[in-house]
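J.: Sending over a structure as structure tokens; questions will come in a sec.
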Amino acid sequence: MSKFLAPSILSADFSNLSGQLRYIEIAGADLIHCDIMDGQFVPNLTFGPLVVKAINKVTNLPLDIHLMIKNPDALIQDFVDAGAGYITVHQEEVTHLNRTLNNIKKLGAKAGVAINPATPIETLSEVLDIVDLVLIMSVNPGFGGQTFIHSSVDKIKKLNKLKMDSNLDFAIEVDGGINSKTIKEVSEAGCNIFVAGSSIFKADNITAAAAELKNLIS
Ligand code: DX5
Ligand code: ZN
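For any residue, its number in the working numbering is found by taking its place in the sequence shown, counting from 1, and adding 320.
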């Protein structure tokens, strides 16, 4: 399976988003990771479908929507209408996960499920055959710039083994603390999609930082 770089705009300069997107496009970014936070599921607040729609107007890259919100079911249609390519919900928040994931697919987006560092991958065993991606959080969600939680590597290895043994084809995504020091290890563990926020957008040269990560996974 291919390896994709998904810069997270959480750490970008929001006063010049389209300019920031150009920098990562030039570097060969594959997806744009959008962190949607509601101040309830996580203690931080970001943006919603209106901003996602604006981003979609100024890029051709697929939008990877990470919903860290209460009751995500209520907003799935809005994010699809805003141009979402992937929509990922948290296992910890969704009661009828099978229904939610099938609904995302029915509405025309790729369906993802995320788990927090304290949530075991076993909680996903009954949906692995219907998801397009599994997002392993390698920090506790809510903020950019946190330190990578190393036990995530074993989780990714375990999930990748399960995927291979069962002949499944979902992508494995990692999110949190990904930089030039951590990306290789998660790549070797079986990751396909790499989210990186601060290591790209807080760098002096955004294009060079993204290109370096892209290079480390290819
Ligand atoms: C955290 C978000 C991440 C965040 C990652 O809740 O889901 O996508 O932007 O930021 P870094 O790469 O700085 O850890
Ligand atoms: Zn995220």
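Note that beta-carbon positions come from the ideal geometry of N, C-alpha and C, so glycine has one too. Note that the coordinates shown come from a computational prediction; the quantities given were computed from them, not determined experimentally.
1) Return helix, strand or coil for P392, following the three-state DSSP convention.
2) Select from A429, I503, N380, N512 the residue whose C-alpha is nearest the C-alpha of A530.
3) In this structure, does DSSP put T408 in helix, strand or coil?
4) Rounded to a whole number of angstroms, what is the C-alpha to C-alpha distance between M484 and S335?
5) Would you check whether the ligand ZN has a heavy atom nearer than 7 angstroms to the C-beta of D358?
6) If you draw a straight line from the C-alpha of V515 to the C-alpha of G403, how long is it?
7) Do A347 and F521 have their beta-carbon atoms positioned less than 8 angstroms apart in this structure?
8) Mapping DSSP to helix, strand and coil, what is A431?
9) Hey, out of N525, S338, N423, E493, whose CA is closest to A374's CA?
10) Extract the residue ranges of the beta strand (DSSP E) inside the region 456-514, only unbroken runs of 3 or more that lie entirely within it.
11) G496 to D401, Cα distance in whole Å?
12) Counting C-beta neighbours from all protein chains within 10 Å, is the total for G428 16 or more, i.e. buried, or is it exposed?
13) For K430 versus D452, is the C-beta distance shorter than 8 angstroms?
14) Which of the three DSSP states, helix, strand or coil, is assigned to P605?
15) Does the Cβ of P440 have 16 or more other Cβ atoms within 10 Å, making it buried, or fewer, making it exposed?
16) How about S500 and S519: do their beta carbons lie closer than 8 angstroms?
17) Going by alpha carbons, who is nearest to N391 out of I435, P327, D358, G510?
18) In the DSSP assignment, find the unbroken alpha helix (DSSP H) run with I450 in it and report its ends.
T.: Inspection of the coordinates gives the following:
1) Numbered from its first residue, the sequence shown carries residue 392 at position 72. If DSSP states are grouped into helix, strand and coil, P392 belongs with the helices.
2) As a working note, residue 530 is residue 210 in the sequence shown. When each option's Cα is compared against that of A530, the closest is I503.
3) To locate residue 408, count along the sequence shown from 1; it is residue 88. Strand at T408.
4) Taking the sequence shown and counting its residues from 1, one reaches residue 484 at position 164. Taking the sequence shown and counting its residues from 1, one reaches residue 335 at position 15. Between M484 and S335, the C-alpha separation is close to 43 angstroms.
5) Sequence index remark: in the sequence shown, residue 358 carries index 38 (1-based). False, no ligand heavy atom lies under 7 angstroms from that Cβ.
6) Position 195 of the sequence shown, counting from 1, holds the residue named residue 515. Position 83 of the sequence shown, counting from 1, holds the residue named residue 403. Rounded to the nearest angstrom, the two C-alpha atoms are 19 angstroms apart.
7) Numbered from its first residue, the sequence shown carries residue 521 at position 201. Numbered from its first residue, the sequence shown carries residue 347 at position 27. It is not a contact, given that the beta carbons lie outside the stated cut-off.
8) By 1-based counting over the sequence shown, the position of residue 431 is 111. Note: A431 maps to strand in three-state DSSP.
9) Taking the sequence shown and counting its residues from 1, one reaches residue 374 at position 54. The residue with the shortest Cα to Cα distance from A374 is S338.
10) 491-495
11) What you label residue 496 is simply residue 176 of the sequence shown in a count that begins at 1. What you label residue 401 is simply residue 81 of the sequence shown in a count that begins at 1. Cα-Cα distance, rounded: 27 angstroms.
12) Reading the sequence shown from its first residue, position 108 is the one you call residue 428. So G428 counts as exposed.
13) Counted from its first residue, the sequence shown places residue 430 at position 110. Counted from its first residue, the sequence shown places residue 452 at position 132. It is a contact, given that the beta carbons lie within the stated cut-off.
14) No answer is possible for residue 605: it lies beyond the span of the chain, which begins at 321 and ends at 538.
15) As a position in the sequence shown, residue 440 is number 120, starting the count at 1. Exposed, because fewer than 16 other Cβ atoms sit within 10 Å of the Cβ of P440.
16) Counting from one through the sequence shown, the residue named residue 500 turns up at place 180. Counting from one through the sequence shown, the residue named residue 519 turns up at place 199. Taking 8 angstroms as the Cβ cut-off, S500 and S519 qualify as a contacting pair.
17) Here the question's residue 391 lines up with position 71 in the sequence shown. Ranking I435, P327, D358, G510 by Cα distance to N391 puts D358 first.
18) Translated into positions along the sequence shown, residue 450 becomes position 130. Note, I450: premise wrong, no alpha helix (DSSP H); not H, not E.
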